Amino acid sequence: MNILAIDTSADDTSCAIISGRKVLAHVEYSQIALHAKWGGILPSLAKRAHEERIDWVIQKTLRNAHLSLAQIHGIGVTYGPGLAIALEVGIRKAVELSSTLTIPLIPVNHMEGHLYSSFVQNAKGNPTRPFQFPYLGLLVSGGHTELILFKDHLTYEILGQTVDDAAGEALDKAARMLGFGYPGGPVIETLSQTVKHEDRYIFPRPMMKSQDLQFSFSGLKTALLYKIQKMSEEEKIEALPYLASSFQEAVMKSLIKKTERAILKTGISRLVVGGGVSVNERLRTLLRALVKSHGGIVQFPPYKYLNFDNSAMIGIVASFRAEEGLMLSPGSHIDRVPRLSLLQSTQ
Amino acid sequence: MRIRLSQDGTNLKDVVSKTQEVLSSGGLVVFPSDTVYGLLVDAKQEEAVSKLIAFKNRPIGKAISVFVSSIEELASHAFITSNQKPLLESLLPGPFTVILNSRHTVSNLLESETGTLGFRIPDYEPVRLVSKSYRNPITATSANLGGRHPHYSIESLLNQLPKEKQAMIDLIVDAGKLPRNKPSTVLDMTQDSLQIVRKGDIITSSKNEYRSPSPKETRKLGAFLLRQSEKKAKGKPIVFLMTGELGTGKTEMSRGIAEVLGIPQVVSPTFVVSYEYEIPHSASNRLNNTYKQFVHADLYNIMESDEMEHIGLDQYLDKPVIMVIEWGERMGDFIHSLQEKTHVVLVTFSHVNENERIIRVHHSL
Numbered sequence: 446m447n448i449l450a451i452d453t454s455a456d457d458t459s460c461a462i463i464s465g466r467k468v469l470a471h472v473e474y475s476q477i478a479l480h481a482k483w484g485g486i487l488p489s490l491a492k493r494a495h496e497e498r499i500d501w502v503i504q505k506t507l508r509n510a511h512l513s514l515a516q517i518h519g520i521g522v523t524y525g526p527g528l529a530i531a532l533e534v535g536i537r538k539a540v541e542l543s544s545t546l547t548i549p550l551i552p553v554n555h556m557e558g559h560l561y562s563s564f565v566q567n568a569k570g571n572p573t574r575p576f577q578f579p580y581l582g583l584l585v586s587g588g589h590t591e592l593i594l595f596k597d598h599l600t601y602e603i604l605g606q607t608v609d610d611a612a613g614e615a616l617d618k619a620a621r622m623l624g625f626g627y628p629g630g631p632v633i634e635t636l637s638q639t640v641k642h643e644d645r646y647i648f649p650r651p652m653m654k655s656q657d658l659q660f661s662f663s664g665l666k667t668a669l670l671y672k673i674q675k676m677s678e679e680e681k682i683e684a685l686p687y688l689a690s691s692f693q694e695a696v697m698k699s700l701i702k703k704t705e706r707a708i709l710k711t712g713i714s715r716l717v718v719g720g721g722v723s724v725n726e727r728l729r730t731l732l733r734a735l736v737k738s739h740g741g742i743v744q745f746p747p748y749k750y751l752n753f754d755n756s757a758m759i760g761i762v763a764s765f766r767a768e769e770g771l772m773l774s775p776g777s778h779i780d781r782v783p784r785l786s787l788l789q790s791t792q
Numbered sequence: 002m003r004i005r006l007s008q009d010g011t012n013l014k015d016v017v018s019k020t021q022e023v024l025s026s027g028g029l030v031v032f033p034s035d036t037v038y039g040l041l042v043d044a045k046q047e048e049a050v051s052k053l054i055a056f057k058n059r060p061i062g063k064a065i066s067v068f069v070s071s072i073e074e075l076a077s078h079a080f081i082t083s084n085q086k087p088l089l090e091s092l093l094p095g096p097f098t099v100i101l102n103s104r105h106t107v108s109n110l111l112e113s114e115t116g117t118l119g120f121r122i123p124d125y126e127p128v129r130l131v132s133k134s135y136r137n138p139i140t141a142t143s144a145n146l147g148g149r150h151p152h153y154s155i156e157s158l159l160n161q162l163p164k165e166k167q168a169m170i171d172l173i174v175d176a177g178k179l180p181r182n183k184p185s186t187v188l189d190m191t192q193d194s195l196q197i198v199r200k201g202d203i204i205t206s207s208k209n210e211y212r213s214p215s216p217k218e219t220r221k222l223g224a225f226l227l228r229q230s231e232k233k234a235k236g237k238p239i240v241f242l243m244t245g246e247l248g249t250g251k252t253e254m255s256r257g258i259a260e261v262l263g264i265p266q267v268v269s270p271t272f273v274v275s276y277e278y279e280i281p282h283s284a285s286n287r288l289n290n291t292y293k294q295f296v297h298a299d300l301y302n303i304m305e306s307d308e309m310e311h312i313g314l315d316q317y318l319d320k321p322v323i324m325v326i327e328w329g330e331r332m333g334d335f336i337h338s339l340q341e342k343t344h345v346v347l348v349t350f351s352h353v354n355e356n357e358r359i360i361r362v363h364h365s366l
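Spelled out as structure tokens, the structure:
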């Protein structure tokens, strides 16, 4: 079954054709260059860019896969969570395609996609990575920070999540406070590497005392702000890499600590990681060390693009949903759900 | 006697009339409130007040506040100047006790030595109903012995009381465990400047200015401001425009507002600009019947005001919506649409130090 999947949840217009777990083609038009100038996703640009690019992206995907629309058997589309007006563009297109081709429509939760992203295979079926449920899922991005119990296919439980800012958002905001642009994560990471991740300022690790699996990153902003305010311009320039590094350490160590707590609580030390922040090498190093000490494994998305928003992961989920018969009839109405929770998509 | 006030308020009417009956015959009632459990007696019946004072082991001459149902009723028991009136109207009903010069219409055992009296108008339906249809003011002191901590459950209160004290109580209205709100903030308005006598959850330093020592208080202030705004909005959509630096508590206050509406998981919308939530229906929360959607927007990433046209916030303005817009100063001309169609509340946050914030509030710009 060939599934054409569309994701327009944020700033990438993305289309993929999937067969089972294999990606036959994946094309995305990233708006990051457009948005970098503005310091974040710009709704009008996002919407307009999605509208202008979506047909081209779909056509190019079909060409790359050497397939015609007649050879597509289902349409998968992200219906949340994400930016409402951006989601609408993808949903409209998906409904239209499903209706003209009279093929089923498969709505997919974007976060399910991230959870499955480490199981995506290339056209040749690599990497093989068999499913060995249950897994602990750690999803970290600009909009999300969640610990998930991934019990079986399409079956999830939320163990913990951020109560305020997402980890990626905290990194972006810290970068902006330090005078850098969007996206902030890579800048912070690069600066941290130059001082070997020295934790000079030891910013507070919020919610470390609480025994639950919730995260909180908004207090960190204030700590950084106060640290910077007390410095002269020269001191600040001198301290820049240390500030970045200490901030990144505070974020990453919070993630590690809660993940470890989740391992102890559930007894599961098989981790899957997804979302934009999972590309961060510091996080990867710390997670590898963590699972090693618990005799587990950690799986990251096998190709770089799979860390970020993409439609390949949406297509994989759509495949599994289709197998379970979780499809809508051609041209069905789908509402975008900007605050869609994984719980709403569990079987 | 002990009666249970059901969660959904179905037996509220019976509880209210029973309470009034006991008060009328000079009885002592333990009753829930928006803060802690309180002790109610008829404030005009000298004997009942004496019983209350004896119960609490309270030294004579130490004032005890009273519940009234409205500012009009308050004015018949205390002197209110034209300067004080706007402040009273903005704070009440709410978790405040205001000290004013008494007109000596209630038992003088309740007044301070200087003839002042404390008043409460709580934002809590059961007390409001008891007080509204009762001919006299009712005492509003916490249900604990002098010098001991207040109680959030009947069990906790009874554990503290010796048998002879328990026997003095004529009626207990049990509403289960109350949320852990601090006792009210006590404001002395009889001096030249506003004096804070006791700090509760919501601390105000002058009209439209509040101080928050921590994120928790900022959330509670959000809840208070929503109720305050509801009165002024008269059914129009309510829009909170929040401005202030990163990390001053805008998202915390948004969470406090959402919690009142029964929406538990509100996170920062920075990344996607705006999130919308359905407000769950609730029989006991008036707000939930008036308003159907909660929209939480964040303009942090908006650099040019004409972007506002594309976010789609205008689509909500004709609907029963409660909206929070963080970084509201970035909206440009959109403010005119808001002013025309909604009740706008401008909330400005600033740092005092690492923890404390000053929060200024202006209604209907």
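So the sequences go chain by chain: A and B.
The first sequence begins at 446 in our numbering and counts up by one.
The second sequence begins at 2 in our numbering and counts up by one.
We treat Cβ as the ideally placed atom computed from N, Cα and C, and that holds for glycine.
It should be emphasised that the depicted structure is a prediction, and the values quoted were computed from it without experimental measurement.
Contacts that A455 of chain A makes with chain B (C-beta to C-beta distance below 9 Å): Along the first sequence, one-based indexing puts residue 455 of chain A at 10. F272 and V273, listed in chain order.
Simplified DSSP assignment, three categories, for E277 of chain B: Taking the first residue of the second sequence as position 1, residue 277 of chain B is located at position 276. Note: E277 of chain B maps to strand in three-state DSSP.
Whole-angstrom C-beta distance between P270 of chain B and Y276 of chain B, which should lie under 8 Å: Position 275 of the second sequence, counted from the first residue, corresponds to residue 276 of chain B. Position 269 of the second sequence, counted from the first residue, corresponds to residue 270 of chain B. About 5 Å; that satisfies the 8 Å criterion.
Alpha-carbon to alpha-carbon, H78 of chain B and G62 of chain B: Your numbering for residue 62 of chain B matches position 61 in the second sequence. Your numbering for residue 78 of chain B matches position 77 in the second sequence. C-alpha separation (whole angstroms): 19 Å.
Proximity test, Cβ basis, 8 Å: A763 of chain A and chain B: Reading the first sequence from its first residue, position 318 is the one you call residue 763 of chain A. No, A763 of chain A does not count as interfacial toward chain B.
Where D456 of chain A falls, given that 16 or more other Cβ within 10 Å makes a residue buried: Position 11 of the first sequence, counted from the first residue, corresponds to residue 456 of chain A. The C-beta of D456 of chain A has 16 or more other C-beta atoms within 10 Å across all chains shown, which makes the residue buried.
Length of the line joining the Cα atoms of N289 of chain B and I280 of chain B: Reading the second sequence from its first residue, position 288 is the one you call residue 289 of chain B. Reading the second sequence from its first residue, position 279 is the one you call residue 280 of chain B. The alpha-carbon atoms of N289 of chain B and I280 of chain B are separated by roughly 6 Å.
Any chain B beta carbon closer than 8 Å to I647 of chain A: On the first sequence, position 202 is the one that residue 647 of chain A refers to. No, I647 of chain A does not count as interfacial toward chain B.
Inter-residue spacing [alpha-carbon to alpha-carbon] between S756 of chain A and Q606 of chain A: Locating residue 756 of chain A in the first sequence gives position 311, where the first residue counts as 1. Locating residue 606 of chain A in the first sequence gives position 161, where the first residue counts as 1. Distance between S756 of chain A and Q606 of chain A, taken at the CA atoms: about 24 Å.
For L550 of chain A, the three-state DSSP class (helix, strand or coil): Here the question's residue 550 of chain A lines up with position 105 in the first sequence. It is a strand residue.
Environment of K482 of chain A [buried if 16+ CB atoms lie within 10 Å]: Here the question's residue 482 of chain A lines up with position 37 in the first sequence. Confidence is the limiting factor: at K482 of chain A the pLDDT is only 48, short of 50, which leaves the residue's position unreliable, though a coordinate-based value still follows. By the neighbour-count rule (16 or more Cβ atoms within 10 Å), K482 of chain A is not buried but exposed.
Bridge partner(s) assigned by DSSP for S338 of chain B: Here residue 338 of chain B is taken as the residue at index 337 of the second sequence, counted from 1. Answer is none; S338 of chain B lacks a bridge partner.
Close-in-space but distant-in-sequence residues of the same chain around Q577 of chain A (CB under 7 Å, 5 per side omitted): On the first sequence, position 132 is the one that residue 577 of chain A refers to. Close CB contacts of Q577 of chain A within its chain, under the 7 Å cut and outside five residues either way in sequence, are with R715 (chain order).
Neighbourhood of K233 of chain B by C-beta, 8 Å cutoff - its chain only, sequence neighbours within 5 removed: The residue given as residue 233 of chain B occupies position 232 in the second sequence. If we look at K233 of chain B and ignore the five residues flanking it on each side, its Cβ neighbours are H344, H364 and S365.
DSSP beta-bridge partners of D457 of chain A: If you number the first sequence from 1, residue 457 of chain A lands on position 12. Beta-bridge pairing links D457 of chain A to A:S475.
Euclidean distance between Cα positions of S764 of chain A and K737 of chain A: Taking the first residue of the first sequence as 1, we reach residue 764 of chain A at position 319. Taking the first residue of the first sequence as 1, we reach residue 737 of chain A at position 292. If you take the alpha carbons of S764 of chain A and K737 of chain A, they lie about 32 Å apart.
Secondary structure of N509 of chain A, DSSP reduced to three states: Stepping through the first sequence from its first residue, residue 509 of chain A is reached at position 64. If DSSP states are grouped into helix, strand and coil, N509 of chain A belongs with the helices.
Those residues which DSSP pairs with N447 of chain A across a bridge: Translated into the one-based positions of the first sequence, residue 447 of chain A becomes position 2. DSSP lists A:S464 as partners of N447 of chain A.
Residue-level contact to chain A via CB, H311 of chain B, 8 Å cutoff: The residue labelled residue 311 of chain B in the question sits at position 310 within the second sequence. Yes, because at least one Cβ of chain A sits closer than 8 Å to the Cβ of H311 of chain B.
Spatially closest choice to G177 of chain B from B:K14, B:V353 and B:R3, by CA coordinates: As a position in the second sequence, residue 177 of chain B is number 176, starting the count at 1. Closest by alpha carbon: B:R3.
Collapsed DSSP secondary structure at K482 of chain A in the structure displayed: To locate residue 482 of chain A, count along the first sequence from 1; it is residue 37. Residue placement at K482 of chain A cannot be trusted, given a pLDDT of 48 that sits under 50; what the coordinates show is reported in the next sentence. It is coil, neither helix nor strand.
Top-ranked residue by Cα proximity to S586 of chain A, from A:T573, A:D610, A:Q566 and A:K596: Against the first sequence, residue 586 of chain A aligns to sequence position 141. Nearest C-alpha to S586 of chain A: A:D610.
Proximity test, Cβ basis, 8 Å: E330 of chain B and chain A: In the second sequence, the residue the question calls residue 330 of chain B occupies position 329. Chain A contact via Cβ: absent.
Chain B within 8 Å of S663 of chain A, Cβ atoms only: By one-based count along the first sequence, residue 663 of chain A stands at place 218. It does: the Cβ of S663 of chain A has a partner Cβ on chain B nearer than 8 Å.
Under 7 Å (Cβ pairs) to chain A, residues found in the region 327-355 of chain B: E355
Proximal chain B residues relative to L550 of chain A, where beta-carbon distance stays under 8 Å: Residue 550 of chain A sits at position 105 when you count from the first residue of the first sequence. Neighbours of L550 of chain A on chain B: none; closest Cβ ~23 Å, over 8 Å.
Beta-carbon separation (whole angstroms), L40 of chain B vs L29 of chain B, contact threshold 8 Å: By one-based count along the second sequence, residue 40 of chain B stands at place 39. By one-based count along the second sequence, residue 29 of chain B stands at place 28. Sure, about 6 Å apart at Cβ, within 8 Å.
Span of the beta strand (DSSP E), counted from its first residue to its last, around K596 of chain A: As a position in the first sequence, residue 596 of chain A is number 151, starting the count at 1. T590 to D597 is the extent of the beta strand (DSSP E) around K596 of chain A.
Close beta carbons around D657 of chain A, own chain, < 8 Å, minus the five adjacent residues each side: Numbered from 1 along the first sequence, position 212 holds the residue referred to as residue 657 of chain A. Closer than 8 Å at Cβ, skipping near neighbours: G605.
Cβ-Cβ separation, R733 of chain A to V743 of chain A (assumed contact under 8 Å), whole Å: Indexing the first sequence from 1 puts residue 743 of chain A at position 298. Indexing the first sequence from 1 puts residue 733 of chain A at position 288. That belief holds up - the Cβ atoms of V743 of chain A and R733 of chain A are roughly 6 Å apart, short of 8 Å.
Interface residues of chain B facing P783 of chain A [CB-CB closer than 7 Å]: Within the first sequence, numbered from 1, the residue matching residue 783 of chain A stands at position 338. Under the 7 Å cutoff, chain B gives V273, Y276 and E277.
Buried versus exposed, by CB contacts within 10 Å (16 or more), P265 of chain B: Taking the first residue of the second sequence as 1, we reach residue 265 of chain B at position 264. Exposed, because fewer than 16 other Cβ atoms sit within 10 Å of the Cβ of P265 of chain B.
Outcome for V722 of chain A when other beta-carbon atoms lying within 10 angstroms are tallied against a minimum of 16: In the first sequence, the residue the question calls residue 722 of chain A occupies position 277. Buried: at least 16 other Cβ atoms inside 10 Å.
Within 8 Å, strictly: CB atoms of F745 of chain A and S563 of chain A: Position 300 of the first sequence holds residue 745 of chain A. Position 118 of the first sequence holds residue 563 of chain A. In this structure, S563 of chain A lies closer than 8 Å to F745 of chain A by Cβ.
Cβ of A689 of chain A within 8 Å of any chain B Cβ: Within the first sequence, the letter at position 244 stands for residue 689 of chain A. Cβ-Cβ to chain B under 8 Å: no for A689 of chain A.
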